[in-house]
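From first to last, the protein sequence lines stand for chains A and B. Mapped onto this note's numbering, the consecutive letters of the first sequence carry residue numbers -19 to 76. Mapped onto this note's numbering, the consecutive letters of the second sequence carry residue numbers 9 to 452. Glycine included, C-beta positions come from ideal geometry on N, C-alpha and C. These numbers come from a predicted model, not from an experiment.
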Amino acid sequence: MVADMVKTIEKIAKAARLNLSEQELQKFTADMEDVLKAFDTLKKVDAPQEASYQPVDIKDVMRKDELEQCLPQEEALSNTKNKENGFFKGPKVIDK
Amino acid sequence: MGVVEFLQSLKNGNIDHKDFSAKFNEELKKLRKFEFFQHEEGMHGQGLPVSIKDNICVRGMETTAGSRILEGYMPVFDATVVERVKKIGSVIGKTNQDEFGFGTFSTNSGWGIPKNPLDPERSCGGSSGGAAGLTAALKMPHIALGQSTGGSISCPAAFCEVVGLTPTYGLVSRHGLIDYANSMDKIGPIGKSVQDVAWMLSIIAGHDAKDSTSLAVTAKDYTKTRSIKGMKLAMPKEYFVNVDKGVEKDVRAAIKKLEALGATCEEVSLPNTQNALYAYYIIAACEASTNLARYCGMRYGAEQEIKGDFNEYFSAVRTKGFGEEAKRRIILGTFARMAGYREAYYHKAMRVRTLVINEFKSIFSKYDAIVAPTMPIRAPKFSEIKKRTPLENYQMDILTVPANLAGIPMISVPCGQFTGLHIIGGHLQEEKIVSIAAAHEEGK
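(1) Can you pull the chain B residues whose beta carbon is under 8 Å from the beta carbon of A/ALA27, in chain order?
(2) Using CA coordinates, which residue listed in A/LEU16, A/GLU(-10), A/VAL15 is at the minimum distance from A/LEU5?
(3) Going along chain A, which residues have a C-beta under 8 Å from B/LEU1?
(4) Quick one: list the residues of chain B neighbouring A/LEU22, beta-carbon separation under 7 Å, in chain order.
(5) Between which two residues does the alpha helix (DSSP H) containing B/GLU450 stretch?
(6) I believe B/THR72 touches B/GLU79 by the beta-carbon criterion, under 8 Å. Please report the beta-carbon distance rounded to the nearest angstrom.
(7) With a threshold of 8 Å between beta carbons, is B/HIS435 in contact with chain A?
(8) By Cβ distance, which residues of its chain are closer than 8 Å to B/MET243, with the 5 residues on each side in sequence left out?
(9) CB B/ILE290 to CB A/PHE8, shorter than 8 Å?
(10) What span of residues does the beta strand (DSSP E) with B/VAL11 cover, start to end?
(11) In chain order, which continuous runs of the beta strand (DSSP E) of length 3 or greater are located wholly inside the stretch 234 to 266 of chain B?
(12) Output the boundary residues of the beta strand (DSSP E) element that contains B/CYS273.
(13) Tell me which residue opens and which closes the alpha helix (DSSP H) that B/PRO410 is part of.
(14) If we ignore side chains and look at the alpha-carbon of each, how far apart do B/LYS37 and B/GLY50 end up?
(15) Find the nearest neighbour of B/GLY101 within the set B/TYR188, B/LYS265, B/VAL205, B/GLN46, judged by alpha-carbon distance.
(16) So B/PRO398 contacts chain A; which residues on that side make the cut at Cβ distance below 9 Å?
(17) Between which two residues does the alpha helix (DSSP H) carrying B/GLN203 extend?
(18) Using a Cβ cut-off of 8 Å, which residues of the stretch 218 to 230 of chain B contact any Cβ in chain A, in chain order?
(19) Can you list the residues of chain B that A/LYS(-13) reaches, using a CB-CB cut of under 8 Å?
(20) Scan the stretch 306 to 331 of chain B for residues whose Cβ lies nearer than 8 Å to a Cβ of chain A and list them as they occur along the chain.
(21) Residues of chain A with a CB under 8 Å from the CB of B/TYR81: which are they?
(22) So which residues on chain A does B/VAL84 lean against when the C-beta distance must stay under 7 Å?
(23) Quick one: list the residues of chain B neighbouring A/GLY66, beta-carbon separation under 9 Å, in chain order.
(24) Taking contact to mean 3 or more Cβ pairs, one atom from each stretch, closer than 8 Å, check whether the stretch 303 to 322 of chain B and the stretch 76 to 94 of chain B are in contact.
(25) The beta strand (DSSP E) spanning B/THR427 covers which residue range?
(26) If you follow the alpha helix (DSSP H) that A/MET(-15) is in, where does it begin and where does it stop?
(27) Just the chain A side, please: which residues come within less than 7 Å of B/TYR177 by C-beta, in chain order?
(28) Leaving out five residues on either side along the sequence, give the residues of the same chain with a beta carbon under 6 Å from the beta carbon of B/VAL93.
(29) So, is A/LEU47 buried or exposed, given that buried needs 16 or more other C-beta atoms within 10 angstroms?
(30) Would you say A/LEU(-2) lies against chain B (beta-carbon separation less than 8 Å)?
(31) Out of B/SER135, B/TYR402, B/ALA446, state which residue places its alpha-carbon closest to the alpha-carbon of A/LEU16.
(32) Express the C-alpha separation of B/ARG67 and B/CYS132 in angstroms, rounding to a whole number.
(33) With distances taken Cα to Cα, identify the nearest neighbour of A/ASP40 among B/ALA224, B/VAL90, B/LYS245, B/SER210.
(34) Just tell me which of B/GLN425, B/ALA446, B/GLY424, B/ILE419 has its CA closest to the CA of B/GLY159.
(35) When we look at the beta-carbon of A/ASN(-1) and count the other beta-carbons within 10 Å, is it buried (16 or more) or exposed?
(36) Check the DSSP bridge columns for B/SER131 and list the partner residues they point to.
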């Protein structure tokens, strides 16, 4: 079990860029404890070492290295209000 | 009238297209109170009316996957399945669903809750609830494209008493599908009859270079069914535990009917059924939490006035845009992938998945298909759903999740009130399960 679930969830929420209200924090903590208690039964399952990351065998496929038509700039920018001079505009990353 | 017959009549001029479209749009208007649509477009083009689940991209049509965080998103391209659908019909709108597919009852949508047309106090099921509800309510030719990660086609099909076909993972292209859990997402048809869904699968199946997980197979004519005489069916005993008594009775009666038609049925055991449910929820939450990392209020979808640094801005947009279940799964998935827990949860779940796949393989080496109830309950009332905890809701998926985890095909056909008979086959055995479903439907 996780020693301090409230703290763990606060840390996860920060990493996942979610601001949780105190009420949400309490609710998600209780839900996580409930769910993890059930999931912990998997620890006792004797499973093969081989993990199935896909349900069927999938081989890497390479496409031909050919020039294709790309999205016109106007269309690429058509879904945002935050744009300037043909670029996407985003929040500040570093302070000057 | 089946869709094949409808398209033939249209071609022969026995149905006037303008007339049909007008009537169809009138009918759609009457159904608005059920909230089947996230966005209703109506029938404006040619051919067969097809509705598309809201998580599949349609060029120029708002596509939100049931989430407020994608409000206003207008794809600049068509999903491969939509490209294929447009060759035989017209897109009439985007059907309502649980946000990103996170739910069993379509109660987690950002855009209202679809009501079961057979009883509006009950759920349509989820997550393709709008798709199944609309299919059940419409009295005119139509097919819905739904999508399943852990049972989101079968469940609503059963609850709305229509037919839902979930193909083998990779048989239908996922290009243009808004990802929930990449290793399990599958697009499939929901329709009024087995023939309708089988026909639609023939249209949308087949390799697509734009999806790297697409299988190197060509589509077949899945409407060509064969006799089920001599087929061997398996009835997992674990799939009849904790099942509503009435549902069990209906399903056992349906299986008896298949036996009367010449199939044989034996009880088998799938001992990892409960483990499969937990492995599924861990894997699904892990994959979902990485997929949802891309929604940050930039480039498309919900935006805010740009304020603060990028962490503050992204957090503000995500906090407002995601619903409660999405937040819960982000937290669960991020936790299960965290250093210190990854081995015990994420990797262990992937190893349990190997176990589950092997268990199914062993069954299909001896049997043609598995038959079971689709859902352990009949379509529940909204008042009952509210009382359940998240874990109790997850438990409702126990009969659909193992097969979805293994990427094998399944079809749900109505076999009683708000309930379905589930027929599950081995990889790429769509023709077999369609044949069994057709035998059940036709009684021959």
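According to the structure shown:
(1) LYS356, ARG359, VAL360, THR362, LEU363
(2) A/GLU(-10)
(3) For chain B, the structure presents residues 9 to 452; residue 1 of chain B sits outside this window and is missing.
(4) ASN283, TYR286, ALA287, LYS356, ALA357, VAL360
(5) 438 to 450
(6) 6 Å
(7) yes
(8) ILE263, CYS273, GLU274, GLU275, VAL276, ILE378, VAL379, ALA380
(9) no
(10) Taken as a continuous stretch (DSSP letters only), B/VAL11 belongs to no beta strand (DSSP E), being part of the alpha helix (DSSP H) at 11 to 20.
(11) 240 to 244
(12) 272 to 276
(13) 409 to 414
(14) 9 Å
(15) B/GLN46
(16) ASP11, ASP14, VAL15
(17) 202 to 212
(18) SER220, THR221, LEU223
(19) Near A/LYS(-13) there are no residues of chain B at all, since even the closest Cβ is about 12 Å away, more than 8 Å.
(20) MET306, ARG307, TYR308, GLY309, GLU311, ILE314, LYS315, GLY316, ASP317, PHE318, ASN319, GLU320, TYR321, PHE322, SER323, ALA324, ARG326, THR327, PHE330
(21) ASN59
(22) LEU51, GLU55, SER58
(23) By Cβ distance, chain B contributes nothing, its closest Cβ being about 13 Å from A/GLY66, past 9 Å.
(24) yes
(25) 427 to 432
(26) -15 to -5
(27) PRO35, VAL36
(28) VAL58
(29) exposed
(30) yes
(31) B/TYR402
(32) 27 Å
(33) B/ALA224
(34) B/ILE419
(35) exposed
(36) B/LYS123
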